[in-house]
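Trainee:
2 protein chains.
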Amino acid sequence: MSADWFRRRFLPRGPLPAPRPPRPRTSPVPYRRPRFLRGSGSSSGTADASRRPDARPVRSPVRGRSLPWNAGYAEIINAEKSEFNEDQAACGKLCIRRCEFGVEEDQEWQTLCSEEFLTGHYWALFDGHGGPAAAILAANTLHSCLRRQLEAVVEGMVATQPPMHLSGCCVCPSDPQFVEEKGIRTEDLVIGALESAFQECDEVIGRELEASGQVGGCTALVAVSLKGKLYVANAGDSRAILVRRDEVRPLSSEFTPETERQRIQQLAFIYPELLAGEFTRLEFPRRLKGDDLGQKVLFRDHHMSGWSYKCVEKSDLKYPLIHGQGRQARLLGTLAVSRGLGDHQLRVLDTNIQLKPFLLSVPQVTVLNMDQLEPQEEDVVVMATDGLWDVLSNEQVAWLVRSFLLGNREDPHRFSELAKMLIRSTQGTDDSPIQEGQVSYDDVSVFVIPLHHQGQGHSSR
Amino acid sequence: MSADWFRRRFLPRGPLPAPRPPRPRTSPVPYRRPRFLRGSGSSSGTADASRRPDARPVRSPVRGRSLPWNAGYAEIINAEKSEFNEDQAACGKLCIRRCEFGVEEDQEWQTLCSEEFLTGHYWALFDGHGGPAAAILAANTLHSCLRRQLEAVVEGMVATQPPMHLSGCCVCPSDPQFVEEKGIRTEDLVIGALESAFQECDEVIGRELEASGQVGGCTALVAVSLKGKLYVANAGDSRAILVRRDEVRPLSSEFTPETERQRIQQLAFIYPELLAGEFTRLEFPRRLKGDDLGQKVLFRDHHMSGWSYKCVEKSDLKYPLIHGQGRQARLLGTLAVSRGLGDHQLRVLDTNIQLKPFLLSVPQVTVLNMDQLEPQEEDVVVMATDGLWDVLSNEQVAWLVRSFLLGNREDPHRFSELAKMLIRSTQGTDDSPIQEGQVSYDDVSVFVIPLHHQGQGHSSR
Numbered sequence: 028m029s030a031d032w033f034r035r036r037f038l039p040r041g042p043l044p045a046p047r048p049p050r051p052r053t054s055p056v057p058y059r060r061p062r063f064l065r066g067s068g069s070s071s072g073t074a075d076a077s078r079r080p081d082a083r084p085v086r087s088p089v090r091g092r093s094l095p096w097n098a099g100y101a102e103i104i105n106a107e108k109s110e111f112n113e114d115q116a117a118c119g120k121l122c123i124r125r126c127e128f129g130v131e132e133d134q135e136w137q138t139l140c141s142e143e144f145l146t147g148h149y150w151a152l153f154d155g156h157g158g159p160a161a162a163i164l165a166a167n168t169l170h171s172c173l174r175r176q177l178e179a180v181v182e183g184m185v186a187t188q189p190p191m192h193l194s195g196c197c198v199c200p201s202d203p204q205f206v207e208e209k210g211i212r213t214e215d216l217v218i219g220a221l222e223s224a225f226q227e228c229d230e231v232i233g234r235e236l237e238a239s240g241q242v243g244g245c246t247a248l249v250a251v252s253l254k255g256k257l258y259v260a261n262a263g264d265s266r267a268i269l270v271r272r273d274e275v276r277p278l279s280s281e282f283t284p285e286t287e288r289q290r291i292q293q294l295a296f297i298y299p300e301l302l303a304g305e306f307t308r309l310e311f312p313r314r315l316k317g318d319d320l321g322q323k324v325l326f327r328d329h330h331m332s333g334w335s336y337k338c339v340e341k342s343d344l345k346y347p348l349i350h351g352q353g354r355q356a357r358l359l360g361t362l363a364v365s366r367g368l369g370d371h372q373l374r375v376l377d378t379n380i381q382l383k384p385f386l387l388s389v390p391q392v393t394v395l396n397m398d399q400l401e402p403q404e405e406d407v408v409v410m411a412t413d414g415l416w417d418v419l420s421n422e423q424v425a426w427l428v429r430s431f432l433l434g435n436r437e438d439p440h441r442f443s444e445l446a447k448m449l450i451r452s453t454q455g456t457d458d459s460p461i462q463e464g465q466v467s468y469d470d471v472s473v474f475v476i477p478l479h480h481q482g483q484g485h486s487s488r
Numbered sequence: 028m029s030a031d032w033f034r035r036r037f038l039p040r041g042p043l044p045a046p047r048p049p050r051p052r053t054s055p056v057p058y059r060r061p062r063f064l065r066g067s068g069s070s071s072g073t074a075d076a077s078r079r080p081d082a083r084p085v086r087s088p089v090r091g092r093s094l095p096w097n098a099g100y101a102e103i104i105n106a107e108k109s110e111f112n113e114d115q116a117a118c119g120k121l122c123i124r125r126c127e128f129g130v131e132e133d134q135e136w137q138t139l140c141s142e143e144f145l146t147g148h149y150w151a152l153f154d155g156h157g158g159p160a161a162a163i164l165a166a167n168t169l170h171s172c173l174r175r176q177l178e179a180v181v182e183g184m185v186a187t188q189p190p191m192h193l194s195g196c197c198v199c200p201s202d203p204q205f206v207e208e209k210g211i212r213t214e215d216l217v218i219g220a221l222e223s224a225f226q227e228c229d230e231v232i233g234r235e236l237e238a239s240g241q242v243g244g245c246t247a248l249v250a251v252s253l254k255g256k257l258y259v260a261n262a263g264d265s266r267a268i269l270v271r272r273d274e275v276r277p278l279s280s281e282f283t284p285e286t287e288r289q290r291i292q293q294l295a296f297i298y299p300e301l302l303a304g305e306f307t308r309l310e311f312p313r314r315l316k317g318d319d320l321g322q323k324v325l326f327r328d329h330h331m332s333g334w335s336y337k338c339v340e341k342s343d344l345k346y347p348l349i350h351g352q353g354r355q356a357r358l359l360g361t362l363a364v365s366r367g368l369g370d371h372q373l374r375v376l377d378t379n380i381q382l383k384p385f386l387l388s389v390p391q392v393t394v395l396n397m398d399q400l401e402p403q404e405e406d407v408v409v410m411a412t413d414g415l416w417d418v419l420s421n422e423q424v425a426w427l428v429r430s431f432l433l434g435n436r437e438d439p440h441r442f443s444e445l446a447k448m449l450i451r452s453t454q455g456t457d458d459s460p461i462q463e464g465q466v467s468y469d470d471v472s473v474f475v476i477p478l479h480h481q482g483q484g485h486s487s488r
């Protein structure tokens, strides 16, 4: 993506063109649940009349179908918020082939061996909005994008430190020293590959949805194990935490209009035409009204962490670029997340104002060094969509995890049972630690990934 | 500053105008050392022939002149790097007057009492570059800007929580609830005032330097005590740390082309014309050369935390927007810091490419709650320009502080002596913990601010 492209795409000169009518050329993305749920029950995961909170089924893989690292998974559909479960999940083995540098003069890359060179594992959650299509496409696609991006740099991951040139041939004798001084490590290539894969997947989703005349977007939370490290990449408001006997460590942070206020306000400052005169980029404690005119009220602009007062002018009465607090915060009155995949066609209702320029598809990546961690018997990573975290805190989840695992040491299916129990805890059952009235009516999906005896050492061959 | 202003200022259409020749209208800013150093020695702080590292005098206030909170201060001029000591310092009492809301219909603000309403204290270090003028102007001006900004919001600082309206009159009965939900605290008004004061001071410096035909810029590190809290605001590569018996806590982080790479690269992505075709915004481990053409080399763009490989094109051979590592890293080959005051006229040598659009004057502010901290006898804040931190780590400084204070419990001038000792430690004297060859040849300035029995409770009246 270039700056020129950004301007052409989002800053048309002259009057804005009307949104293109959907032109179905390919068949719509069919609705489905994750493949690993096959055979796990009769429910198709679509709406039915009996969806009282306590009546919605909690689904998890059938006994005997094991997920990577014996991870547990469970999900529940929302309480009639939408026809479909807009969460999606994927997991599997990640097989990276090695591409070796050809000897031809044209210095093209060749796949000399099609066998796996590196293997890893992959778990992903996608929380869709505006329809299930984007999340389904992400679940079908992102792992392939990641595999491709990793294969493009895998040659650089062989050494302890990536070489300056992918060919390994130094142009300048001090190349290794420059790489060393910049502190570039193998894990930076995986982080870069994750960043590129999210962007590639976003482009694929944009093309596919346009071709099928569908709309929608999704968040993406991905965990990848590779060469003794666990990478957690997040774009959106899902969350992953590490739970150990005496530690609860967040492995991701949420990207919402509130947490990314300064970035979003700054873009509106640079390109005010993105707001089409309909919104104010300034933040106020509440939406202003006529009575506030001429008064000095609290406000924040893009460069401010603190607050100040400004004299209210007429333009301050416009609808705020970011409005509402906490779970109610919305970008352009429309979207609750500020990073994710898709949403290429999303516009503010009854306007031509686009959401996409304010959204990032690039994830934030954290790295867990499994060798240093020395995981113990009950150490797990819990990944879940926002439906879980809306009603349970990290500490409450950690408490549930620890007490469940301690009481179920012998059960080979305990991580799957734990995932189901976590889901049930969001539904206001008797043993749930959540406060009354804090039941989750959202789609909820959970992976529980046990770390003991996993991922240490390298699996390259 | 508006987006339009930014475009007019930095993105002229058509050929770039030649830089305006300096038109001295006012007399140049006279060189001086901080006022509180008067009478502290014969040295004027300018270059003289005897400036071997061990011969340069360490200056500190004369005995009997006490600084706020009995803080210690010391400085040393650089080893002939420049004619003048480009560091500057300021400290003093901060007297905030209360402005009360008038009863007139036009709702203008009136100063009803000119007496102090709130008092605080202020310590500031400015590290100049390109001449001493900007740092001197900042030392003369920033505290006045801050006082003015605080007085503009002081009425909002009276209550435990700032009111939605500065008048205190709610337009909407639930105003306090909105402020509460946004989590807006009194300290956010001080943070906002510091952010605005830095920007106001930057504008003053721009005007004054233009009027006097001078150039230059400076970093700014400020500590302010107010209502039981210590605020540390930083724009540049100076540093403040808290040293306690069993804790070393950074109170600031440095803003350099390296630490702000993504912000700087993103601006160049949005406005490629700022680079005038002379620089590449991409980061490589080293500057590329002709031999790299067509090869796949490590690189990073604005959206990447990780690294990837790209095929080198001709445009990648241009000089990098950010080049070099660590202390050698430079923005546009010119500047070692990415935040600060001044530099309005700074251009890349022999070009019209401006540095200013890439620089921020807004500081990052951290808050130390003195009541919660319960400072002990030897707890201090050490503020110093980069000359100190280039050769001493936080831990080394903490070790020097603790051992000095333990051994000098009875000396009423011990904080001043400690500041001098820290400066001497950068000069490679016998008792210095620095490694051989790591002597500082830079200007170095240090404040040591004791926290015991200070700043707790409020001094408003």
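One line per chain: the protein sequences are A and B, in this order. Numbering follows the working numbering, in which position 28 of the first sequence is assigned residue number 55; successive positions increment by one, without gaps. Numbering follows the working numbering, in which position 435 of the second sequence is assigned residue number 462; successive positions increment by one, without gaps. A virtual CB, placed ideally from N, CA and C, is assigned to each residue, including glycine.
Given 8 Å as the limit, is there contact between the segment 314-331 of chain A and the segment 190-198 of chain B, that is, 3 or more CB pairs closer than that?
Mentor: yes
Trainee: Please name the residues in the segment 321-334 of chain A whose beta-carbon is closer than 7 Å to at least one beta-carbon of chain B, in chain order.
Mentor: The residues in question are G321, Q322, K323, V324, L325, H330, M331, S332, G333, W334.
Trainee: List the residues of chain B whose Cβ lies closer than 9 Å to the Cβ of H479 of chain A, in chain order.
Mentor: By Cβ distance, chain B contributes nothing, its closest Cβ being about 28 Å from H479 of chain A, past 9 Å.
Trainee: Would G333 of chain B and D215 of chain A qualify as a contact pair, given that the criterion is a beta-carbon distance under 8 Å?
Mentor: yes
Trainee: Give me the residue from B:L164, B:R429, B:L415, B:M448 with the minimum Cα distance to P55 of chain B.
Mentor: B:L164
Trainee: Within a Cβ cutoff of 6 Å, which residues of the same chain sit near I103 of chain B, ignoring the five residues on either side of it in sequence?
Mentor: R83, V85, I450, V471
Trainee: Report buried or exposed for S335 of chain A, applying the criterion of at least 16 other Cβ atoms within 10 angstroms of its Cβ.
Mentor: Within 10 angstroms of the beta-carbon of S335 of chain A lie 16 or more other beta-carbons, which makes it buried.
Trainee: Using a Cβ-Cβ cutoff of 9 Å, what residues of the segment 169-180 of chain B are near chain A? List them in chain order.
Mentor: Q176, A179, V180
Trainee: For the segment 213-229 of chain A and the segment 160-179 of chain A, state whether three or more C-beta atom pairs, one from each stretch, are separated by less than 8 Å.
Mentor: Using a Cβ-Cβ distance cut-off of 8 Å, the segment 213-229 of chain A and the segment 160-179 of chain A are in contact, since at least three pairs of beta carbons, one from each stretch, lie closer than that value.
Trainee: Decide yes or no for the touch test of the segment 240-252 of chain A against the segment 362-377 of chain A: beta carbon pairs closer than 8 Å, at least 3 of them.
Mentor: yes
Trainee: Where do the N-terminal and C-terminal ends of the alpha helix (DSSP H) with E235 of chain B fall, by residue?
Mentor: 213-239
Trainee: Going along chain D, which residues have a C-beta under 8 Å from M184 of chain B?
Mentor: This model lacks chain D altogether; the protein chains it does include are A and B.
Trainee: Assuming D114 of chain B and F153 of chain B are in contact, meaning their beta carbons sit under 8 Å apart, how far apart are those beta carbons, in whole angstroms?
Mentor: 7 Å
Trainee: Going by Cα to Cα distance, which pick from A:V181, A:D318, A:A411 is closest to E281 of chain A?
Mentor: A:A411
Trainee: Taking Cβ-Cβ distances shorter than 7 Å, what residues in chain B pair up with H192 of chain A?
Mentor: Q322, K323, V324
Trainee: Can you list the residues of chain A that L27 of chain B reaches, using a CB-CB cut of under 9 Å?
Mentor: Any property of residue 27 of chain B remains undetermined from this structure, which presents chain B solely from 28 to 488.
Trainee: Using the beta-carbon count (16 or more within 10 Å), is P402 of chain B buried or exposed?
Mentor: Here P402 of chain B is buried. Its C-beta has 16 or more other C-beta atoms within 10 Å.
Trainee: Check each candidate in A:A186, A:G158, A:K209 and name the one with the smallest Cα separation from K108 of chain A.
Mentor: A:G158
Trainee: Take every Cβ of the segment 349-364 of chain A, pair it with every Cβ of the segment 281-292 of chain A, and state whether three or more of those distances are shorter than 8 Å.
Mentor: yes
Trainee: Strictly below 8 Å CB to CB, what residues from chain A border Q352 of chain B?
Mentor: E208, K209
Trainee: Report the three-state DSSP secondary structure of C196 of chain A (helix, strand or coil).
Mentor: coil
Trainee: Cα-Cα, which of A:V424, A:F306, A:N396, A:P390 is closest to A224 of chain A?
Mentor: A:P390
Trainee: Along chain B, in chain order, which residues have C-beta atoms closer than 8 Å to that of R288 of chain A?
Mentor: The premise fails here: R288 of chain A is roughly 11 Å from chain B at the closest Cβ pair, so nothing lies under 8 Å.
Trainee: Listed from N- to C-terminal order along the chain, which residues in the segment 390-401 of chain A have their beta-carbon within a distance smaller than 9 Å of any beta-carbon of chain B?
Mentor: Q391, V392
Trainee: So, are the CB atoms of H156 of chain A and W96 of chain A less than 8 Å apart?
Mentor: Against a cut-off of 8 Å, the Cβ pair of W96 of chain A and H156 of chain A comes out as no contact.
Trainee: Considering Cα atoms alone, identify which of B:G119, B:P190, B:K209, B:R60 is closest to L173 of chain B.
Mentor: B:G119
Trainee: Please report the straight-line C-alpha distance between N16 of chain B and T453 of chain B, rounded to a whole angstrom.
Mentor: Any property of residue 16 of chain B remains undetermined from this structure, which presents chain B solely from 28 to 488.
Trainee: Using 8 Å as the cut-off, can you tell me whether the segment 300-320 of chain B makes contact with the segment 432-447 of chain B, which would need three or more C-beta pairs spanning the two stretches below that distance?
Mentor: no
Trainee: Under 8 Å, Cβ to Cβ, is there at least one residue of chain A near P189 of chain B?
Mentor: yes
Trainee: Taking only runs of the beta strand (DSSP E) that begin and end inside the segment 340-403 of chain B, which ones reach a length of at least 3 residues, in chain order?
Mentor: 391-396
Trainee: Just to confirm, is the Cβ distance from F442 of chain B to A98 of chain B under 8 Å?
Mentor: A Cβ-Cβ contact shorter than 8 Å links F442 of chain B with A98 of chain B.
Trainee: Less than 8 Å between the C-beta atoms of R429 of chain B and E404 of chain B, yes or no?
Mentor: no
Trainee: Here's the rule: buried if 16 or more other CB atoms are within 10 angstroms of the residue's CB, otherwise exposed. What is N396 of chain B?
Mentor: Around the Cβ of N396 of chain B, a 10 Å sphere holds fewer than 16 other Cβ atoms; the residue is exposed.
Trainee: Using only CA atoms, which one of A:T246, A:P347, A:Y346, A:A363 lies nearest to G353 of chain A?
Mentor: A:A363
Trainee: At least one CB of chain A closer than 8 Å to the CB of C199 of chain B: is that the case?
Mentor: yes
Trainee: Using a threshold of 8 Å, state whether the C-beta atoms of V392 of chain A and Y258 of chain A are closer than that.
Mentor: With respect to the 8 Å criterion, V392 of chain A and Y258 of chain A are classified as neighbours on the basis of their beta carbons.
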